[in-house]
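Working notes for the structure below.
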Amino acid sequence: MGLKVILWGRKDEIKIRQKAGTFQVNIHQNSYFMNLRFSITDDYPKANVKIESKGTNFPKDLADMFVRQSIEKSRRCVTAPAMPKKGDPPFQLKPSIYPVAEYLIRDCIKFYPTEKCSLCERKAFPEDPSNVTQDIRKSSIC
């Protein structure tokens, strides 16, 4: 399955810069967006993909969490666990681009703007991104 399959919005786009070993995805959901840059080194897939945010209107704390979690997902694809659990199959190296992109696009950027509050059933994010509290620790709780 390709990356374009999970980029299903009209405004979503991907720009590949093969010489630089990077590609940039611009993902939109409702009025929210996030521009991400993926860098791939010469020793990929033995090395994990590097991810950085190039712009977003999500709250800063939330956008930072998206990127940090994706970096961790990428690391887990190429690094064996320090203490494997009994009965787990042996670690196998796997490419990290698709799992990271799927997490960022499907589980974060496309998910949160449409999610409802589990307490009051209202949308968790306002339609207008300028009305979002930038510090998620100061947001109001239903």
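Residue numbering for the sequence shown follows numbering that gives the first Met the number 0, beginning at 0 and increasing consecutively. All C-beta atoms, glycine included, are put in the ideal place defined by N, C-alpha and C. Remember, predicted model here, so these are calculated numbers, not experimental data.
Which of helix, strand or coil DSSP assigns to residue i
i, result
"leucine 35", "strand"
"glutamine 28", "strand"
"threonine 113", "helix"
"lysine 45", "coil"
"phenylalanine 90", "coil"
For residue i, the nearest candidate out of the options (CA to CA)
i, options, result
"phenylalanine 124", "Arg74, Asp63, Asn56, Ala79", "Asn56"
"glutamate 71", "Thr40, Lys18, Pro83, Leu103", "Leu103"
"glutamate 114", "Arg75, Ile15, Asn29", "Asn29"
"asparagine 34", "Tyr43, Gln68, Asp11", "Asp11"
"isoleucine 108", "Pro89, Gln91, Ala62, Ala19", "Ala62"
"serine 129", "Pro98, Asp42, Lys59", "Lys59"
CA-to-CA distance, residue j to residue i, given in whole angstroms
i, j, result
"phenylalanine 32", "isoleucine 39", "23 Å"
"valine 77", "glutamate 120", "39 Å"
"aspartate 127", "glutamate 51", "24 Å"
"serine 167", "threonine 21", "One cannot answer for residue 167 here, as it falls past the ends of the chain, which runs 0 to 141."
"arginine 74", "cysteine 116", "31 Å"
"phenylalanine 90", "isoleucine 96", "18 Å"
"phenylalanine 110", "histidine 27", "11 Å"
Residue span of the alpha helix (DSSP H) that contains residue i, given as start and end
i, result
"lysine 122", "It is not in any alpha helix (DSSP H) - lysine 122 carries neither H nor E in the DSSP assignment."
"isoleucine 70", "59 to 77"
"valine 131", "Note, valine 131: premise wrong, no alpha helix (DSSP H); not H, not E."
Sequence-distant residues of its chain with Cβ nearer than 6 Å to residue i (five each side left out)
i, result
"valine 24", "Ile13, Leu35"
Terminal residues of the beta strand (DSSP E) in which residue i lies
i, result
"isoleucine 13", "12 to 16"
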